[in-house]
Structure formats: C-alpha cells, structure tokens
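Undergrad: Numbering of the sequence shown is given in my numbering, commencing with residue 12 and proceeding in unit increments. Here's a structure for you.
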Amino acid sequence: MEIKVGIQHVNREVVVETTETAADVERAFSEAVENQGVFTLSDERGRRVLIPSTKIAYVDLGEEHARKVGFGTL
C-alpha cells in the first residue's frame, strides 16, 4: 500500500510503500497524534520513516491491494 504524508512547510510529500494495512497505519497515526509523539512507518524493504506528529499536515492512504504494472512475477 502506498502512503503519502504531507509535512508542514515542506514542498514535497513523503511517499512510503508498505505492507501494513490501512487500519494499522491509521491506528499508529492516531496514537502518535494523541501522545504528540512520532509517527513511524516501515517500508517494504524494512526501512523506517519517523515523522514528528506535530508537523504532519495530512496522511493519504492508497489502495491496499493496488495492481502492480510491469513484467514481474505475480
């Protein structure tokens, strides 16, 4: 699933491709906002993105089962 995070006063959004579900991402975002903590996302390769929740402008959750384009294996 593709997640786009807009950050205040930053022109580019952060785009993360993750295997987490939309419900898990929404839960993590809600907890980070409630505690004024850090919103943590993990991508498909195991890398982590940490964003202070007080600086987040928006979170855009893409489709969970988006179809991939290309000649890779299914």
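Note that CB positions come from ideal geometry on N, CA and C, so glycine has one too. Since the model is a prediction, treat every value here as computed from it, not as a measurement.
Hey, would you say Phe-50 sits closer than 9 Å to Val-70, going by beta carbons?
TA: Their beta carbons are under 9 Å apart, which means Phe-50 touches Val-70 by this criterion.
Undergrad: Arg-38 bridges to which residues according to DSSP?
TA: DSSP lists no partner for Arg-38.
Undergrad: State the Cα-Cα distance for the pair Asp-54 and Glu-37, rounded to the nearest angstrom.
TA: When rounded, the distance between both Cα atoms is 15 Å.
Undergrad: Have a look at Glu-7 and Gly-73 and give me their C-alpha separation to the nearest angstrom.
TA: Because the chain in this structure spans residues 12 to 85, residue 7 falls outside the shown range and cannot be described.
Undergrad: Apart from the five residues on each side of it in sequence, which residues of its chain come closer than 7 Å, Cβ to Cβ, to Gly-158?
TA: There is no way to answer for residue 158, as the model of the chain reaches only from 12 to 85.
Undergrad: What is the residue span of the beta strand (DSSP E) that Thr-32 lies within?
TA: Here Thr-32 belongs to no beta strand (DSSP E), and DSSP marks it neither H nor E.
Undergrad: Look at the alpha carbon of His-20 and the alpha carbon of Ile-62, and state the distance between them as a whole number of angstroms.
TA: Near 14 Å, if we compare the C-alpha coordinates of Ile-62 and His-20.
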